[in-house]
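Counting in the working numbering, the sequence shown runs from 24 upward without gaps. The beta carbon of each residue, even a glycine, is placed where N, CA and C say it ideally should be. Only a predicted model underlies this, so the values are computations on that prediction, with no experimental measurement involved.
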Amino acid sequence: MPHRSHRSLPSRDTIAATLRAAGCVFAEDEADMILAAADSDPAAVDGMVARRAAGLPLELVVGWAEFGGLRILVEPGVFVPRRRTEFLVEQALALAPDASVVVDLCCGSGAVGAALTAAL
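This is the structure in structure tokens:
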């Protein structure tokens, strides 16, 4: 069981202010995501805020990215799926007959294949 600090969590506003000072445009939304991902662990919140403020993509900080309505797990060394890539999924769906076979090889997190599979 992870060791939990007895100190309280930083407030959403405190986290958002730190993120905004670091240049995060959607600081309040990011603060909410960090608080949810940290699972009430103040030390985890501190670490996540520090990594995000240092410029690590939010998706790598929280460990997942939203793509095509799915939550895709990501970790360092894996390309973070981008919303603009959802256009590729839309185009493939428009061209794919029902129950198509989808192969997603060596494309990072597998987000494109997962989104296609979920939609077919």
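Outcome for residue i when other beta-carbon atoms lying within 10 angstroms are tallied against a minimum of 16
{"i": "V124", "result": "exposed"}
{"i": "A91", "result": "Before going further, note that residue 91 is Gly rather than Ala in the sequence given. G91 is buried by the Cβ-count criterion."}
{"i": "C129", "result": "exposed"}
{"i": "A44", "result": "exposed"}
Proximity winner among the options, relative to residue i (alpha-carbon distances)
{"i": "G133", "options": "F110, V103 and A119", "result": "V103"}
{"i": "E113", "options": "V101, W87 and T140", "result": "T140"}
{"i": "L81", "options": "V97, L111, G91 and L93", "result": "V97"}
{"i": "S63", "options": "L32, R43, T37 and D52", "result": "L32"}
{"i": "A59", "options": "A115, R105, R30 and S34", "result": "S34"}
{"i": "G100", "options": "W87, G131, D121 and P65", "result": "G131"}
{"i": "E53", "options": "A39, A66 and G86", "result": "A39"}
Pair within 8 Å by beta-carbon distance, residue i and residue j
{"i": "V68", "j": "A61", "result": "yes"}
{"i": "V72", "j": "T41", "result": "yes"}
{"i": "V135", "j": "L111", "result": "yes"}
{"i": "A137", "j": "L79", "result": "no"}
{"i": "L143", "j": "A119", "result": "yes"}
{"i": "R75", "j": "I95", "result": "no"}
{"i": "R30", "j": "P65", "result": "yes"}
- Item | Any alpha helix (DSSP H) of 4 or more consecutive residues that is wholly inside the region 80–132 | The region 80–132 contains these whole alpha helix (DSSP H) runs: 81–85 and 109–118.
- Query: At what residue ranges does the region 45–85 contain a whole run of the alpha helix (DSSP H), taking only runs of 4 or more?
  - Reply: Qualifying alpha helix (DSSP H) stretches, in chain order: 50–61, 65–76 and 81–85.
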